[in-house]
Every structure is written in structure tokens, then in C-alpha cells.
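Report on one structure; see the data block that follows.
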Amino acid sequence: GGTAAAGYAYLPYSDNSNYNRILMRISSYASSVNGTLSHEFGHYFSLLHTHQGTENGPFSANAENVPRTGAQANCSTDGDLLCDTEADPRYDSNDFDFGTCSYTGSGTDQFGNLYTPPVDNIMSYYPDACGGIFTSDQYTQIAQGLATRLGHNSYSLDCSPPGVNVPTGLNAQLNNDENGIDLSWTDNASNEIGYLVERSTSSGSTGFRQLTDGYTAANGTSYTDYNIASNTQYWYRVKPANGDCDTYSSVANFTTPTLYCTAGSGTCDEYISRVQIGSIDNSS
């Protein structure tokens, strides 16, 4: 953190969406393949610094000891909690040889064991040019961190749809002014989010498809189907948009008569631009 930070990432243990991000300073974004972005992704997937707990001195709380096994070992409970990343007192340029990328300090843990920090590890603060590795245990931790991240976004589709009363009294009749079929029904629900209108030209039990614009808002009780043809039988049914698959109204049907001139809109006084009888038309 702080104003000098080249990047920042939260660990994956909160489901707060504000923590599901990585912040980068533009000047540090592409500075090195092994650099800040890879380091911050390590944090994003739950990795700690290799100097975690040890940077404040060998006797500080959670400081990691050098031994990996035996009575003095605490690598699984302190530091970065991983035993294949060596104890790290934190990078200090006074204790580092840039030419050989080696630690030259004389720091020891609380038992006097000399530190041999992982100068090539991405989660350390040692120069990027000295390497860029994740260890086997770190990769395992990354996989666990990914699972944690994905768990925050998981959801279940096992819930049952709400109970919504079906509409009743569906009626279909020709609207002579519009050359459309007017549908009307009784809204029996108080929790529907709208109604969907389906139509079939096959029968009253098969071939139903939702009309392209066949929907109403909540509390809707009517719909007009303008996409009709002459001398055709249509079957209709209506269902709540948020009901289960079988919450349909009863089926209503209507057979259209011969429709000589289908209106293009609901505007009155539309004019026919051309009339032809045989070889004679209105321009002859």
C-alpha cells in the first residue's frame, strides 16, 4: 500500500465485488514479465509475500524460521505458510549483489540460522531480473485461490419458479379497424412480471411459438396480433413470464375471413396508390 506502490491486489477471501480487482500503476504495468503484474496476480490468487511475518525481525509475531523440518520449523504456520519458499528477511539493497543476484546479508532467524532467501521468487521483493518463478506449493495455493474466487460467483439453478396464477377467460376476436386479432384475458395474479403470448397455426395442442413482440408488462390483460393472413385459423395461449413451464391459460382460437387490404398501421384515411383491373389501371 501507500503512494509508492506499483500495484495492489486483495486476497480472495471476501465476496465484496470491490475486492475483485487488481490495481496497477501505469508505469509498472509492463515493466517486466516477472514484475509487478505477476506479483499482484499472486496476491489475487491468495499468495503472501515470501517475507511475510519475517520482515519485522526474527522475533516478531509470525516470523518464519530457516529450517524446513524439525523442532525449529514453522513454515506451515508462519511466514507465507509454504515450506518450499525459504525464509526471507525482505530485500535490502545493502545485503544484495546485483551482479550475481545473490543475498549477501548476515541476518539470522531467532535460532541463529542464516537466511538464504528465495531471490528468484515472484512473491519476493528481490529484483525482477533475478528470476521469476512460482514454486510447486505456490501453484497449489494459486489453484485453491482460484477456486475461492470462483466460489464467490457461484449460483444455483435448483430453485423452484414462483407460483403464479394463470390468466383465465382468454378470448380472441377480429379487430376490423386494425385487421388484427384482439386477445383479452383476466389477470388473476399479483406477482407476475408480465405475460407472454404464444401462437400456433397447427392445432390447439402443438406448434406454439412465442410471437416476436408477444409480451405485456405486469397486470396486462390484452394484446393485438397484427401479423395475420386471410382465411387462416390461429390458436393462442398466454402465460406469466415468471411462471413455470406449464402455467398456460386455456387456448383460444380464431379463423380469419378474407382480408382484402391489410392496414399498414392504425392510421385512418390510408389511400390505395394503384388499382388495376385486367390491363386497365387508374393511370390509364
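If you read the sequence shown in the working numbering, its first letter stands for residue -17, the second for the next number, and so on.
Just so you know, even glycine gets a beta-carbon here, dropped at the ideal spot from N, CA and C.
What residue range does the alpha helix (DSSP H) around residue i cover?
{"i": "Gly24", "result": "18 to 26"}
By the DSSP assignment, the beta strand (DSSP E) with residue i in it spans what residues?
{"i": "Thr237", "result": "234 to 237"}
{"i": "Val220", "result": "215 to 222"}
{"i": "Ala(-9)", "result": "-11 to -9"}
{"i": "Leu5", "result": "4 to 6"}
Per DSSP, what are the beta-bridge partners of residue i in this structure?
{"i": "Tyr128", "result": "Looking at the sequence provided, one finds Leu at residue 128 rather than Tyr. Per DSSP, none; premise fails for Leu128."}
{"i": "Gly89", "result": "Paired residues: none, contrary to the question."}
{"i": "Gln123", "result": "According to DSSP, Gln123 bridges with nothing at all."}
{"i": "Asn103", "result": "Ile115"}
{"i": "Phe78", "result": "Tyr85"}
{"i": "Asp263", "result": "Gln258"}
{"i": "Thr206", "result": "Asp164"}
{"i": "Leu96", "result": "Thr90"}
Exposed or buried, residue i, counting other C-beta atoms within 10 Å across all chains shown (16 or more means buried)?
{"i": "Asp62", "result": "buried"}
{"i": "Gly162", "result": "buried"}
{"i": "Thr198", "result": "buried"}
{"i": "Phe190", "result": "buried"}
{"i": "Asp169", "result": "buried"}
{"i": "Ala43", "result": "exposed"}
{"i": "Ala29", "result": "Ala is not the amino acid found at residue 29; the sequence shown has Leu there. Looking at its Cβ environment, which holds 16 or more other Cβ atoms inside 10 Å, Leu29 is buried."}
{"i": "Gly(-17)", "result": "Annotation note: pLDDT 40 at Gly(-17) (below 50); position unreliable, coordinate value reported separately. So Gly(-17) counts as exposed."}
{"i": "Gln126", "result": "exposed"}
{"i": "Glu154", "result": "Residue identity differs from the one stated: residue 154 is Ala in this sequence, not Glu. Ala154 is buried by the Cβ-count criterion."}
{"i": "Ala53", "result": "exposed"}
{"i": "Gly225", "result": "buried"}
{"i": "Phe41", "result": "exposed"}
{"i": "Asp207", "result": "buried"}
{"i": "Arg181", "result": "buried"}
{"i": "Thr150", "result": "exposed"}
{"i": "Gly94", "result": "exposed"}
{"i": "Thr117", "result": "buried"}
So, at 8 angstroms on beta carbons, what are the nonlocal neighbours of residue i in its own chain, with the 5 sequence-adjacent residues on each side left out?
{"i": "Cys83", "result": "Val101, Asp102, Tyr108, Pro109, Ala111, Cys112, Gly113"}
{"i": "Glu46", "result": "Gln34, Gly35, Thr36, Asn56, Cys57, Asp60, Gly61, Asp62, Ala69, Asp70, Asp91"}
{"i": "Ser185", "result": "Trp217"}
Excluding the 5 residues preceding and the 5 following residue i in the sequence, name in chain order all residues of the same chain whose CB lies nearer than 7 angstroms to its CB.
{"i": "Asn264", "result": "Arg256, Val257"}
{"i": "Leu(-7)", "result": "His25, Ser28"}
Can you list, in chain order, the residues of its chain with a C-beta nearer than 6 angstroms to that of residue i? Leave out the 5 residues immediately preceding and following it.
{"i": "Leu132", "result": "none"}
{"i": "Val148", "result": "Thr229, Ser231"}
{"i": "Cys79", "result": "For clarity, residue 79 is Asp in the given sequence; the question names Cys instead. Contacts found: Thr86."}
field: Continuous beta strand (DSSP E) assignments of at least 3 residues falling wholly in the stretch 148 to 204
entry: 150 to 157, 162 to 168, 176 to 182, 191 to 199
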